[in-house]
Each structure stands twice: as C-alpha cells, then as structure tokens.
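Residues in the sequence shown are numbered consecutively from 32, following this note's numbering. Each remark here refers to the structure printed beneath this line.
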Amino acid sequence: MVNFLHFLLSILMVITTTTSIPTNVLRYTSDLESSALKMANIYRKEHNATALEWNATMAEYALSRAIMYAIGNTNERSKYAEIISLSDPVSLWDPRLHIRDWRTSGIKRYNFTHPVVNKVTKRFTQLVWKNTKRMGCAWVSGGKPWQHQLRCEFWPPGNIGFPNSYLANVKPLETKQKPPTGISNYTMDVDDLMTSYHIAAFGSALILERLERLRR
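Next up, the structure:
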C-alpha cells in the first residue's frame, strides 16, 4: 500500500512539473469587467441591441480555457459562443482594443442586407447579436508565442440560424458616436497573417503613443 501511494505521488509530481500554469495570470477583475463590458455595450447600443450583463461563471470558464491554451493543451469547443483575440508580447494590453477590432474589422466586411459570415464578420455579428444577453471574459498572459489572450464567452449564442436570423439580430448602425477616448488608433486583426516586421511596428507604435501621453 505504501509503495502504491509513493507511485501515485511520483505521477502527480510529473504532472505538476510538465503542465505548469503561467505565472503571470490575470484573472478577470472589476477593471477588466467594466472596460470589456462597457466597450461591448457601446457597440451594441449603436446597433440597436440591449446591453449585456456580466456573468462571473462564464468569466471563470473563459479563464480556464485560456490557461489550458497557454500551457499547450488543445481546446475543445466552448459550451458558449466564444470570441478569442491573441496579441504578441510587445503589444500594450488593453481589452478595448480587441473588442473595438471585432466591431470595426467586421462591419467593414458585413452586408446587412445579404448576410455572409466569415472568420472576421462572425466576431462582429456575435458582439452585437440582439438575442445574446450575457458575457464573461478573461485574460491570460504567458505560454505561447502570441501569449496575451482575451477570451469572451456569450450566451445565448449568436451566429445561428438562416439569413433571416441575421437580419433580425444584426442591425445596421443606428447612431454615429465618437470612439471612446483613450484608445489607440492602431488595431490588429489577429486572424490575418502578420510578419515579424508588422508585429514589431504595431508594438512600437503603441509604445510611442504611451510615451507621448506620459509627457503631457
């Protein structure tokens, strides 16, 4: 019996050392909650969709999936509707940048009269989907080359049904509002292939912008 317990302990030690969780892990916080939720609801209002509510259970679920990705485990399909954004190590972190990109990159390509959904427009359509009511997000830093992750879970899910569902749930822009202040004009579409030059340029631009703000 003693030998068997020693055997189990040795297995646990191996598992612990080979699947280490990144040390720099930021759980969803009230700051992330307010910034991500506020940004999402600004865009939902512009497209005649009701404001989302923050769901802590969904945020914890997003965190667990982000950690599993960071340590190299293949993710299973989310039980919610999920949007993922990845950024490189040199980029300054701001969840609003990613959420703004979901909307701005998607709306440029989306046809409100004849809906066609692809990898870019589906993030936008999920963000403003009228029937979606709840949202939970998490951020993890560390692990893979594109190591900063923003994961947002949504429920009920969007991007379902036939074109009539999209016509009913994804409305054209109703009001023209100025972008929220304090957000860089530089955005990254993480679904597009980027060279190391583009990555470095993106990070440098954000760093220069931040330094300029500090001088003011």
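Even for Gly, the Cβ is constructed at its ideal location relative to N, Cα and C.
Should G137 go down as buried or exposed, given a rule of 16 or more other Cβ atoms within 10 Å for buried? By 1-based counting over the sequence shown, the position of residue 137 is 106. The residue is buried, with at least 16 neighbouring Cβ atoms inside 10 Å.
Suppose the cutoff is 6 Å on Cβ atoms and the five residues either side in sequence are ignored; what does the same chain contact list for F143 look like? Locating residue 143 in the sequence shown gives position 112, where the first residue counts as 1. In its chain, beyond the 5 residues on either side, P203 have a beta carbon closer than 6 Å to the beta carbon of F143.
From L127 to F193, what distance separates their C-alpha atoms? As a first step, residue 127 must be located in the sequence shown, where it is residue number 96. As a first step, residue 193 must be located in the sequence shown, where it is residue number 162. Looking at the sequence itself, residue 127 is Arg, so the reference to Leu does not match. One alpha carbon belongs to R127, the other to F193, and they sit about 30 Å apart.
Put A112 into one of helix, strand or coil per three-state DSSP. The residue labelled residue 112 in the question sits at position 81 within the sequence shown. Residue state for A112 is assigned as strand, using DSSP reduced to three classes.
G189 to L181, Cα distance in whole Å? Along the sequence shown, one-based indexing puts residue 189 at 158. Along the sequence shown, one-based indexing puts residue 181 at 150. Looking at the two C-alpha atoms, the distance is approximately 19 Å.
For N195 and S172, the rounded distance between their alpha carbons: Position 141 of the sequence shown, counting from 1, holds the residue named residue 172. Position 164 of the sequence shown, counting from 1, holds the residue named residue 195. Taking the straight line from one Cα to the other gives about 39 Å.
Element boundaries [beta strand (DSSP E), containing E184]: For the purposes of this step, residue 184 is taken as the residue at position 153 of the sequence shown. Run containing E184: H179 to W186, per the beta strand (DSSP E) assignment.
Alpha carbons only, please: which of K139, T135 and M166 is nearest the one belonging to S249? Nothing can be reported for residue 249, as the shown portion of the chain is limited to 32 through 247.
Using only CA atoms, which one of W85, A82, K69 and A93 lies nearest to I130? Taking the first residue of the sequence shown as 1, we reach residue 130 at position 99. Distances from the CA of I130 to each of W85, A82, K69 and A93 were compared; the closest alpha carbon is that of K69.
Is G103 helix, strand or coil by DSSP? Residue mapping note: residue 103 aligns to position 72 of the sequence shown, counting from 1. G103 falls in the coil class under three-state DSSP.
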